[in-house]
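Colleague: Please find one structure pasted underneath; my questions will follow.
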Amino acid sequence: MGRSRNMDSLVRGATFAAALGLFILLILLPLVSLNQYAVREGFGVFWDRLRNPDAVGALRLTALVALATTAVNGVIGTAMAFLLTRYRFPGRKAVNALVDIPLAIPTVVTGFALLLMYGPLGPLGRFLGDHDIQVMFSFPGLLLGHVFVTFPFMVRAVGAVLESVPRSGEEAARTLGAKEWQVFAFVTLPAIREGIVAGAFLTFSRSLGEFGASIMVSGNLVGRTQTGPLYIFSRFNTGDVEGASAIAILLALASFLILLGLQLVQSSGGRKAEVA
Amino acid sequence: MNTPHLSLENVGKSFGDRPVLTGVSLEVQAGEMLAILGPSGCGKSTLLRIVAGLLCKDRGTVTIAGKDMEDVPSRDRNIGFVFQDYALFPGKTVRENVAFGLRVRGVASPEMNRKASDMLDLVGLSEEVDRPVEKLSGGQRQRVALARALAVSPSLLLLDEPLSALDIKVRERLRREVAAVQKKVGIATLFVTHDQQEAMELGDRIAVMNDGCIEQIAPPREVYQNPATEFVARFVGEVNVLPGKLYKGYAYAGSLAIRMPDPGAEGNGGMVKVILRPEDVSLFPPGVREAGQTNARVHAVSYLGTHFRVELITEEGYFLAALLLRNHGQSDSITAGDAVRVGAARGSILPDPFGAKEPEYYL
Numbered sequence: 012m013g014r015s016r017n018m019d020s021l022v023r024g025a026t027f028a029a030a031l032g033l034f035i036l037l038i039l040l041p042l043v044s045l046n047q048y049a050v051r052e053g054f055g056v057f058w059d060r061l062r063n064p065d066a067v068g069a070l071r072l073t074a075l076v077a078l079a080t081t082a083v084n085g086v087i088g089t090a091m092a093f094l095l096t097r098y099r100f101p102g103r104k105a106v107n108a109l110v111d112i113p114l115a116i117p118t119v120v121t122g123f124a125l126l127l128m129y130g131p132l133g134p135l136g137r138f139l140g141d142h143d144i145q146v147m148f149s150f151p152g153l154l155l156g157h158v159f160v161t162f163p164f165m166v167r168a169v170g171a172v173l174e175s176v177p178r179s180g181e182e183a184a185r186t187l188g189a190k191e192w193q194v195f196a197f198v199t200l201p202a203i204r205e206g207i208v209a210g211a212f213l214t215f216s217r218s219l220g221e222f223g224a225s226i227m228v229s230g231n232l233v234g235r236t237q238t239g240p241l242y243i244f245s246r247f248n249t250g251d252v253e254g255a256s257a258i259a260i261l262l263a264l265a266s267f268l269i270l271l272g273l274q275l276v277q278s279s280g281g282r283k284a285e286v287a
Numbered sequence: 003m004n005t006p007h008l009s010l011e012n013v014g015k016s017f018g019d020r021p022v023l024t025g026v027s028l029e030v031q032a033g034e035m036l037a038i039l040g041p042s043g044c045g046k047s048t049l050l051r052i053v054a055g056l057l058c059k060d061r062g063t064v065t066i067a068g069k070d071m072e073d074v075p076s077r078d079r080n081i082g083f084v085f086q087d088y089a090l091f092p093g094k095t096v097r098e099n100v101a102f103g104l105r106v107r108g109v110a111s112p113e114m115n116r117k118a119s120d121m122l123d124l125v126g127l128s129e130e131v132d133r134p135v136e137k138l139s140g141g142q143r144q145r146v147a148l149a150r151a152l153a154v155s156p157s158l159l160l161l162d163e164p165l166s167a168l169d170i171k172v173r174e175r176l177r178r179e180v181a182a183v184q185k186k187v188g189i190a191t192l193f194v195t196h197d198q199q200e201a202m203e204l205g206d207r208i209a210v211m212n213d214g215c216i217e218q219i220a221p222p223r224e225v226y227q228n229p230a231t232e233f234v235a236r237f238v239g240e241v242n243v244l245p246g247k248l249y250k251g252y253a254y255a256g257s258l259a260i261r262m263p264d265p266g267a268e269g270n271g272g273m274v275k276v277i278l279r280p281e282d283v284s285l286f287p288p289g290v291r292e293a294g295q296t297n298a299r300v301h302a303v304s305y306l307g308t309h310f311r312v313e314l315i316t317e318e319g320y321f322l323a324a325l326l327l328r329n330h331g332q333s334d335s336i337t338a339g340d341a342v343r344v345g346a347a348r349g350s351i352l353p354d355p356f357g358a359k360e361p362e363y364y365l
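For the protein sequence lines, the chains are A and B, in the order given.
Residues 12 to 287 in the working numbering are what the first sequence lists, from first letter to last.
Residues 3 to 365 in the working numbering are what the second sequence lists, from first letter to last.
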């Protein structure tokens, strides 16, 4: 009896120590060293590096792309989730499986494929180019890559909530005379709001850190198509470790805040659901 | 009777290759409450959802107020629907829930609020108008659902097991309230339930459903006392089913004579199924048996509060259940093993001859 309790506490202690060790080795120490590099020459220099026009441009582009990606996937991801959970149609299972493809394909492959299709080498790219529409090495190309890579997040976040929302609410609205858009706006949308917010946070933070697809489709043009992560990579490659660190710290901080926000949203959502 | 408010003709529906409704026809008159009674899985909810336009039928016609409902969406059918889980809109107040149907129809605010208040008065919830629906009890939610359905002044009210999620006390009280509201509004109502007591108390008529079709539509008394099929007989209450031989207005199960409600309608000598309710079985102290009685031995006695339920085996070997009122002379002393005389008041018959199935009703 006493022995097994000792064993229990031993196992618990070992698990805790292992988890703590991994946390320190994999997350905390790298962040600390990042921090050290970023502020090694003092906060003034750190600040200057952040204010470097190329850095500011990269950060602004990152934020813009992430916002646009979130907006686009907010709409089409929600629509897809709605389609998959509320309708039965032939091929539904196949479509459902395909939604997760972007998680399985290496992002750099995604970017490469988009580049071959829409770039100067691709038939569609040439056709669009002839009509003065340049998709690759520009904002639309980045958006396309990010939308593809982050597509599953919104669909899954909204889909999970939709599954748990009973249809009788929507049906009740219909019998009460609501038109389909009213059913969606007054009944469905309020019910899945938390799923949309969670999906938006996930999409946004994934887009902030996107690298593989971005480097292929953007051309990494400084001040024009260079996003934050690409800026970090380029600076590091040219030996500017401090410059890379400054932006890296900022992106890490942003991700951390988003994660915190997501936790807050989800825990308040959970409380509300309990009351209902 | 004038033209019915709702009429279904030969409505059929399958899920995949599983038939759920196999040709259902019924009519609901203006102001009438028709209860659809059946076991779970008999298709009664499916039928209600088809009437509401929430589900497409495979064949047949649905006519509401003289208008064919083919291709008419739910929102244009002018119905009120109360769901089993109430389906209230979360995060909204009682008033907002009740006013929803008026809001989506673009009714002006003052008119909308007046109507919502009227409805909440009707169901006795005027004190709760501004509370969020999450704070209400089950019974209150059910009343909000009813008020919400009635607020749009529908011509037909559809209730899908509206009381089944409540506990028994609340259920019995609300049952009467729902009946009162329905009569007050005077709305044609189709009401689905698996609870035979609910159907009896609420329904002007009862449609008993089994396996996708209706076995009988009749007033509660008729369904109970003169069931059309053995399924109906068994579903609306406990029943003794005995093989009987017709003779001069009586059916004889052995020497036990059961008076038929409609003597002379049947010929003499034919074999029939006799439907005998336990409360129509009478017990007498042992002695010389009179004509039409039989001797029996008490097999078991159970106390049910208002009644004793007595299981008997007659001298011919039939198994009989009898209900004895608590104040019956013998009820306090009767125990298993006692000898009794048994008589029968009235019963009904089903024309099906027993044929080879006879032995299964013997012990």
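Even glycine gets a Cβ: it sits at the ideal position worked out from N, Cα and C.
All values reported here derive from a predicted model rather than from experimental measurement.
What is the residue span of the beta strand (DSSP E) that I203 of chain A lies within?
Modeller: Within the first sequence, numbered from 1, the residue matching residue 203 of chain A stands at position 192. That residue, I203 of chain A, is in no beta strand (DSSP E); its alpha helix (DSSP H) goes L200 to L219.
Colleague: Are L325 of chain B and F310 of chain B close, meaning C-beta to C-beta below 9 Å?
Modeller: Stepping through the second sequence from its first residue, residue 325 of chain B is reached at position 323. Stepping through the second sequence from its first residue, residue 310 of chain B is reached at position 308. In contact: L325 of chain B and F310 of chain B (Cβ atoms closer than 9 Å).
Colleague: Under 9 Å, do V228 of chain A and L135 of chain A count as touching if we go by C-beta distance?
Modeller: Numbered from 1 along the first sequence, position 217 holds the residue referred to as residue 228 of chain A. Numbered from 1 along the first sequence, position 124 holds the residue referred to as residue 135 of chain A. For V228 of chain A and L135 of chain A, no; Cβs fall outside 9 Å.
Colleague: Step through the CB atoms of chain B and report whether any lies within less than 9 Å of the CB of K190 of chain A.
Modeller: Your numbering for residue 190 of chain A matches position 179 in the first sequence. Yes, its Cβ sits closer than 9 Å to a Cβ of chain B.
Colleague: Which residues, in order along the region 222-256 of chain A, keep a beta-carbon less than 8 Å from a beta-carbon of chain B?
Modeller: Listed by position along the chain: nothing, the set is empty.
Colleague: From the DSSP output, which residues share a beta bridge with D70 of chain B?
Modeller: Locating residue 70 of chain B in the second sequence gives position 68, where the first residue counts as 1. D70 of chain B pairs with B:T65.
Colleague: Specify, as a first and last residue, the run of the alpha helix (DSSP H) that E11 of chain B falls within.
Modeller: The residue labelled residue 11 of chain B in the question sits at position 9 within the second sequence. E11 of chain B -> not in any alpha helix (DSSP H); beta strand (DSSP E) instead, spanning L8 to F17.
Colleague: List the residues of chain B that Q193 of chain A touches, going by C-beta distances under 8 Å, in chain order.
Modeller: Here residue 193 of chain A refers to the residue found at position 182 of the first sequence. Neighbours of Q193 of chain A on chain B, chain order: V106.
Colleague: Measure the CB-CB distance between G88 of chain A and V198 of chain A and report whether it falls below 9 Å.
Modeller: Locating residue 88 of chain A in the first sequence gives position 77, where the first residue counts as 1. Locating residue 198 of chain A in the first sequence gives position 187, where the first residue counts as 1. No, they are not a contact pair.
Colleague: Which residues in chain A have a C-beta closer than 7 Å to the C-beta of S166 of chain B? List them in chain order.
Modeller: As a position in the second sequence, residue 166 of chain B is number 164, starting the count at 1. Near S166 of chain B there are no residues of chain A at all, since even the closest Cβ is about 14 Å away, more than 7 Å.
Colleague: If you scan the region 245-321 of chain B from start to end, which runs of the beta strand (DSSP E) of 3 or more residues do you find wholly inside it?
Modeller: Segments of the beta strand (DSSP E) lying fully in the region 245-321 of chain B: 252-255, 258-261, 273-278, 283-286, 296-305 and 309-316.
Colleague: Could you name the residues that DSSP lists as bridge partners for Q218 of chain B?
Modeller: As a first step, residue 218 of chain B is located in the second sequence; it is residue number 216 there, counting from the start. Q218 of chain B pairs with B:V210.
Colleague: Residues of chain A with CB closer than 7 Å to the CB of G103 of chain B, please, in chain order.
Modeller: On the second sequence, residue 103 of chain B is found 101 positions in, with the first residue counted as 1. Residues of chain A passing the Cβ test: L187 and G188.
Colleague: Please list, in chain order, all residues of the same chain as S9 of chain B whose beta carbon is under 6 Å from its beta carbon, the five residues on each side excluded.
Modeller: Indexing the second sequence from 1 puts residue 9 of chain B at position 7. E29 and T65, listed in sequence order.
Colleague: Listed in chain order, which residues of the region 166-185 of chain A have Cβ atoms closer than 8 Å to some Cβ of chain B?
Modeller: Those would be P177, S179, G180, E182, A183, A184 and R185, in chain order.
Colleague: Among the residues of its own chain, which have a CB less than 7 Å from the CB of C215 of chain B, if the five just before and after it don't count?
Modeller: Within the second sequence, the letter at position 213 stands for residue 215 of chain B. So the list reads T24, G25 and V26, once near-sequence residues are dropped.
Colleague: Judging by CA-CA distance, which residue of A:S218, A:Q193, A:S256 and A:N17 is the nearest neighbour of P163 of chain A?
Modeller: Walking along the first sequence from the start, residue 163 of chain A turns up at place 152. Taking only the C-alpha atoms, the option nearest P163 of chain A is A:S218.
Colleague: Is it right to say M71 of chain B is buried, meaning 16 or more other beta carbons lie within 10 angstroms of its own, or is it exposed?
Modeller: For this step, residue 71 of chain B is matched to residue 69 along the second sequence. Buried is the call here.
Colleague: Nearest to G206 of chain A by alpha carbon, out of A:A92, A:A28 and A:G68?
Modeller: Stepping through the first sequence from its first residue, residue 206 of chain A is reached at position 195. The shortest Cα separation from G206 of chain A among A:A92, A:A28 and A:G68 belongs to A:A92.
Colleague: How would you list, in chain order, the residues of chain B whose beta-carbon sits under 8 Å from the beta-carbon of P134 of chain A?
Modeller: Within the first sequence, the letter at position 123 stands for residue 134 of chain A. Chain B residues near P134 of chain A: none, gap ~44 Å exceeds 8 Å.
Colleague: Use the C-beta contact count for M18 of chain A: other C-beta atoms within 10 angstroms, 16 or more gives buried, fewer gives exposed.
Modeller: If you number the first sequence from 1, residue 18 of chain A lands on position 7. Exposed, since its Cβ has fewer than 16 Cβ neighbours within 10 Å.
Colleague: Would P201 of chain A count as contacting chain B if we go by Cβ distances under 9 Å?
Modeller: Position 190 of the first sequence, counted from the first residue, corresponds to residue 201 of chain A. By this cut-off, P201 of chain A is an interface position.
Colleague: Would the beta-carbon of K46 of chain B fall within 9 Å of that of M211 of chain B?
Modeller: Here residue 46 of chain B refers to the residue found at position 44 when the second sequence is read from its first residue. Here residue 211 of chain B refers to the residue found at position 209 when the second sequence is read from its first residue. It is a contact, given that the beta carbons lie within the stated cut-off.
Colleague: My parser needs the beta strand (DSSP E) runs of 3 or more residues fully inside the region 81-125 of chain B; what are they?
Modeller: Taking only runs of at least 3 residues, the beta strand (DSSP E) segments lying wholly in the region 81-125 of chain B are 81-84.
Colleague: Which same chain residues, not among the five before or five after S20 of chain A, have their C-beta less than 8 Å away from its C-beta?
Modeller: Locating residue 20 of chain A in the first sequence gives position 9, counting from the first residue. Result list for S20 of chain A: empty, nothing under 8 Å.
Colleague: Out of B:A259, B:F286 and B:S304, point me to the one whose CA is closest to T337 of chain B's CA.
Modeller: For the purposes of this step, residue 337 of chain B is identified with residue 335 of the second sequence, where counting begins at 1. When only C-alpha atoms are compared, the closest one is B:S304.
Colleague: When the cut-off is 9 Å and only beta carbons count, does V198 of chain A lie next to chain B?
Modeller: Taking the first sequence and counting its residues from 1, the one referred to as residue 198 of chain A is at position 187. Yes, contact with chain B.
Colleague: Nearest by alpha-carbon distance to L2 of chain B: which of B:V109, B:R150 and B:P112 is it?
Modeller: Absent from the structure is residue 2 of chain B, since the part of chain B shown begins at 3 and ends at 365.
Colleague: What's the C-alpha gap between S216 of chain A and V53 of chain B?
Modeller: As a first step, residue 216 of chain A is located in the first sequence; it is residue number 205 there, counting from the start. As a first step, residue 53 of chain B is located in the second sequence; it is residue number 51 there, counting from the start. When rounded, the distance between both Cα atoms is 48 Å.
Colleague: Rounded C-beta distance between L192 of chain B and L50 of chain B? I'm assuming under 8 Å.
Modeller: Residue 192 of chain B sits at position 190 when you count from the first residue of the second sequence. Residue 50 of chain B sits at position 48 when you count from the first residue of the second sequence. 6 Å between Cβ atoms; contact.
Colleague: Is G130 of chain A helix, strand or coil when you go by DSSP?
Modeller: By 1-based counting over the first sequence, the position of residue 130 of chain A is 119. G130 of chain A: coil per DSSP, three-state reduction.
Colleague: Would R145 of chain B be called buried (16 or more neighbouring beta carbons within 10 Å of its own) or exposed?
Modeller: Start at 1 with the first residue of the second sequence, and residue 145 of chain B comes out as number 143. Counting Cβ neighbours within 10 Å, R145 of chain B comes out buried, since at least 16 surround it.
Colleague: Can you check whether the C-beta of S278 of chain A is within less than 9 Å of a C-beta belonging to chain B?
Modeller: Residue 278 of chain A sits at position 267 when you count from the first residue of the first sequence. S278 of chain A does not count as touching chain B.
Colleague: Which residues in chain A have a C-beta closer than 8 Å to the C-beta of I81 of chain B? List them in chain order.
Modeller: Locating residue 81 of chain B in the second sequence gives position 79, where the first residue counts as 1. Simply T186.
Colleague: In chain A, which residues lie less than 7 Å from S76 of chain B when you measure between Cβ atoms?
Modeller: As a first step, residue 76 of chain B is located in the second sequence; it is residue number 74 there, counting from the start. Residues of chain A passing the Cβ test: R185 and T186.
Colleague: Mapping DSSP to helix, strand and coil, what is E362 of chain B?
Modeller: One-based indexing of the second sequence puts residue 362 of chain B at position 360. Residue confidence for E362 of chain B is low, a pLDDT of 43 falling below 50, so the modelled location carries little weight; the figure read from the coordinates is stated next. Here E362 of chain B sits in helix by DSSP.
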